[in-house]
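Student:
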Amino acid sequence: MVAAGAHASIASWIDEQIDLPATLQLPAVQAYGNASLRPPRHYVWWETAITADDQLRQRVAFALSEIFVVSDIDYTLGNAQHGVVHYYDMLTASAFGNFRDLLESITLHPVMGIYLSMVRNEKADPLKNVRPDENYAREVMQLFTIGLYELNEGGVPIPIDNPTPAYTQSTVEEYARVFTGWNFADSPEWQSTNLTSYDKMSPMVPQDQFHDTGSKQLLGGVVTPAGLGARDDLKLALDSLFNHPNVGPFIGKSLIQRLVTSNPSEQYVARVAAAFNNNGQNVRGDLGAVVKAILLDEEARLPLENRDANAVQNYGKFKEPLIKATQVLRALNASPGAQADDHFHFYSKTSDRAAQVFGQAVLSSPSVFNFFSPSFRSSFELAGSAKETLYAPELQILTESLLSTANNDLHAMLYSSNNRSDSPRKSAVLNLDAPIFMLRKGRDVYLEHMNVLLFSGSMSVNMQVVLEQYINERVGKTEAVDKQLAKLDEELMETIVLDSLFIMLASPEFMVQR
153 MVAAGAHASI
163 ASWIDEQIDL
173 PATLQLPAVQ
183 AYGNASLRPP
193 RHYVWWETAI
203 TADDQLRQRV
213 AFALSEIFVV
223 SDIDYTLGNA
233 QHGVVHYYDM
243 LTASAFGNFR
253 DLLESITLHP
263 VMGIYLSMVR
273 NEKADPLKNV
283 RPDENYAREV
293 MQLFTIGLYE
303 LNEGGVPIPI
313 DNPTPAYTQS
323 TVEEYARVFT
333 GWNFADSPEW
343 QSTNLTSYDK
353 MSPMVPQDQF
363 HDTGSKQLLG
373 GVVTPAGLGA
383 RDDLKLALDS
393 LFNHPNVGPF
403 IGKSLIQRLV
413 TSNPSEQYVA
423 RVAAAFNNNG
433 QNVRGDLGAV
443 VKAILLDEEA
453 RLPLENRDAN
463 AVQNYGKFKE
473 PLIKATQVLR
483 ALNASPGAQA
493 DDHFHFYSKT
503 SDRAAQVFGQ
513 AVLSSPSVFN
523 FFSPSFRSSF
533 ELAGSAKETL
543 YAPELQILTE
553 SLLSTANNDL
563 HAMLYSSNNR
573 SDSPRKSAVL
583 NLDAPIFMLR
593 KGRDVYLEHM
603 NVLLFSGSMS
613 VNMQVVLEQY
623 INERVGKTEA
633 VDKQLAKLDE
643 ELMETIVLDS
653 LFIMLASPEF
663 MVQR
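Here it is in structure tokens:
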């Protein structure tokens, strides 16, 4: 088990991270001017992901952005980049707040209103052939709160052989009636189809003449009385979703999959759901408590050597491309190149074109279902047993072409855009000083340092043997290798570090978070 002192240290670090002020991106993006410009949003996101102090908050915000999805591939949002950044900042600021508050902020954000067509959603009018739009009503249940089926505390659909739907089409229609009558905060009109010229940051406001004031049958036996305005109806509807027993296991499992492991046990999910239901002070929905429960759980903290064979095989997750890239840049203390205009560009593309290198770019997914499904299963070769294959969501976007493109870009950046090279530096510059310093101290010291830095201590014996053999061969003598390393010229030291780093960073092992 993890030593008590180590556990306390981790808990203290989490508390410190939670207490740090949120690094918000909108001010930096606005400094570029035109809200229709796409690149600045990406420039600032990469800088924040690599350099901000509040790294845990930023990591959780990114996870939330893949659960409560909006995407700027929508034409209107593509020309409303300040609004899109404001939405992301809202997730960042709310990362450790209360889920009920976050749910309302998401619901009333004009970017979500545009993306899932809740803005200017109008009550039924048979004479005009108008009926309430069901888009947001469906997705707020399916993706944002309760999921498709009734769940047990461990997040498993029940009954297992024939799960009970968590809601019906009738439920969707009732909630769609709730979500009528909301408009942009600064809009003097309702009927216009022009969405581009209005406030994309202030919460939407009710215009009750367009709201369905009839009684509504909601989840949990909640019945809204007739005659309520849009705001009062919304409160009752969001409360009914927030208090549904599915929310703890559904959101808890979603965050576990994004932060720790793709295949959590029922017990792990149940413990996190319990933290959602009660943070220890009779508060429901405390996301700070949920994140802490996820990261401190015994299933997340148990060392690999103390897990049974099946648990080790089933544990962990594939790193999605953006997370893998930010880890490399942070681990190697990257900085913008002299010709990179203070941006963390890639070698072959500028950082606003991440999707062309990695198949993924923040808040630019192809649909509300994100870049990959949490229920995507791996091929049989990655099975934990012959009976059931494992969930491996991130593999859904991994193709041979993208893997090759990403590795080629990494190779070029590593060898040609490092602080020891003389090449023009239009991309981020990787710093080799620390790895070379560690290698000077000895082969085993270097490998252990990189094991902790890149693999969280999970480097396999096979990889360690390969790296040891490579270093021994380059030194030229297998005896007293550390003495030889201490005397090697700088050029050969750089070559050994570059080659060994690429072996590690391009390996299948580095693609897995354990």
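In this note's numbering, the protein residues as written are 153 to 666. Each residue gets a CB set at the ideal place from its N, CA and C atoms; glycine is no exception.
Are Gly-306 and Val-421 closer than 8 Å when you measure CB to CB?
Tutor: Yes, the Cβ-Cβ distance between Gly-306 and Val-421 is below 8 Å.
Student: Can the beta-carbon of Glu-218 be found less than 8 Å from the beta-carbon of Asn-522?
Tutor: Yes.
Student: Looking only at its own chain, which residues have a Cβ that is under 6 Å from the Cβ of Ala-513, when we skip the five neighbours before and after it?
Tutor: Only Ala-506, Ala-507 meet the Cβ criterion.
Student: Over what stretch of residues does the alpha helix (DSSP H) that includes Gly-404 continue unbroken?
Tutor: It spans 399-411 - the alpha helix (DSSP H) in which Gly-404 sits, taken as one unbroken run.
Student: Taking all protein chains shown into account, decide if Ser-349 is buried (16 or more other Cβ within 10 angstroms of its Cβ) or exposed.
Tutor: Flag for Ser-349 reads exposed.
Student: Below 8 Å, can you find three or more Cβ-Cβ pairs linking the stretch 361-376 to the stretch 326-339?
Tutor: Counting Cβ pairs under 8 Å, three or more are found: they touch.
Student: Measure the C-alpha to C-alpha separation of Thr-404 and Arg-529 and round it to an integer number of angstroms.
Tutor: It should be pointed out that residue 404 corresponds to Gly in this sequence rather than to Thr. C-alpha separation (whole angstroms): 19 Å.
Student: Quick check for students: name the residue ranges of the alpha helix (DSSP H) that lie wholly in the stretch 420-483, counting only runs of 4 or more.
Tutor: Listed in chain order, they are 439-448, 450-453, 461-466, 473-483.
Student: Considering Cα atoms alone, identify which of Ala-187, Ala-477, Asn-485 is closest to Val-664.
Tutor: Closest option to Val-664, Cα to Cα, is Ala-477.
Student: Terminal residues of the continuous alpha helix (DSSP H) containing Gln-177?
Tutor: No alpha helix (DSSP H) holds Gln-177; DSSP gives it neither H nor E.
Student: Spatial neighbours of Asp-205 within its chain, please: C-beta separation below 8 Å, excluding the five flanking residues on both sides.
Tutor: Excluding sequence neighbours, Asp-205 sits near Leu-172, Thr-175.
Student: Mind checking whether Met-602 and Met-656 have CB atoms under 8 Å apart?
Tutor: The answer is yes: Cβ separation under 8 Å.
Student: Kindly confirm or deny that the stretch 369-379 and the stretch 263-280 touch, where touching means at least three C-beta pairs closer than 8 Å.
Tutor: Result no; under three Cβ-Cβ pairs closer than 8 Å.
Student: Assuming Thr-297 and His-396 form a contact by the criterion Cβ under 8 Å, report the distance between their Cβ atoms to the nearest whole angstrom.
Tutor: Indeed, because the Cβ distance is near 7 Å, the residues count as touching under 8 Å.
Student: In whole angstroms, give me the CA-to-CA distance for Asn-430 and Glu-552.
Tutor: Cα-Cα distance, rounded: 45 Å.
Student: Using the Cα positions of Leu-448 and Ile-162, report the straight-line distance between them to the nearest angstrom.
Tutor: Cα-Cα distance, rounded: 8 Å.
Student: Could you work out which residue in Tyr-467, Gln-419, Leu-650, Asp-493 is closest to Pro-587 when comparing CA atoms only?
Tutor: Nearest of Tyr-467, Gln-419, Leu-650, Asp-493 to Pro-587, Cα basis: Leu-650.
Student: Using DSSP with H/G/I as helix, E/B as strand and the rest coil, what is Gln-369?
Tutor: Strand.
Student: According to the Cβ coordinates, are Ser-322 and Ala-337 closer than 8 Å?
Tutor: For Ser-322 and Ala-337, no; Cβs fall outside 8 Å.
Student: Looking only at its own chain, which residues have a Cβ that is under 8 Å from the Cβ of Ile-310, when we skip the five neighbours before and after it?
Tutor: Cβ within range, chain order: Tyr-301, Glu-302, Leu-303, Asn-304, Thr-316.
Student: Evaluate the contact criterion for the stretch 575-584 versus the stretch 614-630: three or more CB pairs, one atom per stretch, below 8 Å.
Tutor: Short answer: they don't touch.
Student: Helix or strand or just coil, what does DSSP make of Thr-376?
Tutor: If DSSP states are grouped into helix, strand and coil, Thr-376 belongs with the strands.
Student: Mark Asp-167 as exposed unless 16 or more other C-beta atoms lie within 10 angstroms of its C-beta, in which case mark it buried.
Tutor: Exposed, by the Cβ-count rule.
Student: Measuring only the C-alpha atoms, how far is Val-222 from Tyr-267?
Tutor: Their Cα atoms are separated by approximately 6 Å.
Student: Buried or exposed for Ala-461, going by 16 or more other Cβ atoms inside 10 Å?
Tutor: At Ala-461, the pLDDT of 48 sits below 50, so the modelled position is not reliable; the number obtained from the coordinates is stated separately. Burial call: exposed.
Student: Select from Tyr-319, Gln-621, Gly-400, Asn-485 the residue whose C-alpha is nearest the C-alpha of Ile-446.
Tutor: Of the listed residues, the one whose Cα sits closest to Ile-446 is Gly-400.
Student: Is Asn-627 helix, strand or coil by DSSP?
Tutor: Here the sequence assigns Val to residue 627, which means Asn is not the residue at that position. Residue state, collapsed to three classes: helix.
Student: Under a three-way DSSP split, which group does Trp-165 fall into?
Tutor: If DSSP states are grouped into helix, strand and coil, Trp-165 belongs with the helices.
Student: Cα separation between Leu-566 and Met-242?
Tutor: Answer to the nearest angstrom: the Cα atoms are 35 Å apart.
Student: DSSP beta-bridge partners for Val-282?
Tutor: For Val-282, which the question treats as bridged, DSSP gives the partners Asp-277.
Student: Kindly indicate which residue of Asn-434, Glu-450, Arg-410, Asn-398 has the alpha-carbon position closest to the one of Ala-425.
Tutor: Comparing Cα positions, the closest option is Asn-398.
Student: Are the Cβ atoms of Glu-472 and Leu-390 separated by less than 8 Å?
Tutor: Contact: no.
Student: Taking just the CA atoms, how far does Val-196 sit from His-495?
Tutor: Rounded to whole angstroms, His-495 to Val-196 spans 8 Å at the Cα level.
Student: Should Leu-640 and Ala-483 be called a contact, given that it needs their Cβ atoms to be closer than 8 Å?
Tutor: No, the pair does not count as a contact, with Cβ atoms beyond the cut-off.
Student: At which residues does the alpha helix (DSSP H) containing Phe-654 begin and terminate?
Tutor: Phe-654 -> alpha helix (DSSP H) spans 642-657.
Student: Helix or strand or just coil, what does DSSP make of Asn-287?
Tutor: Helix.
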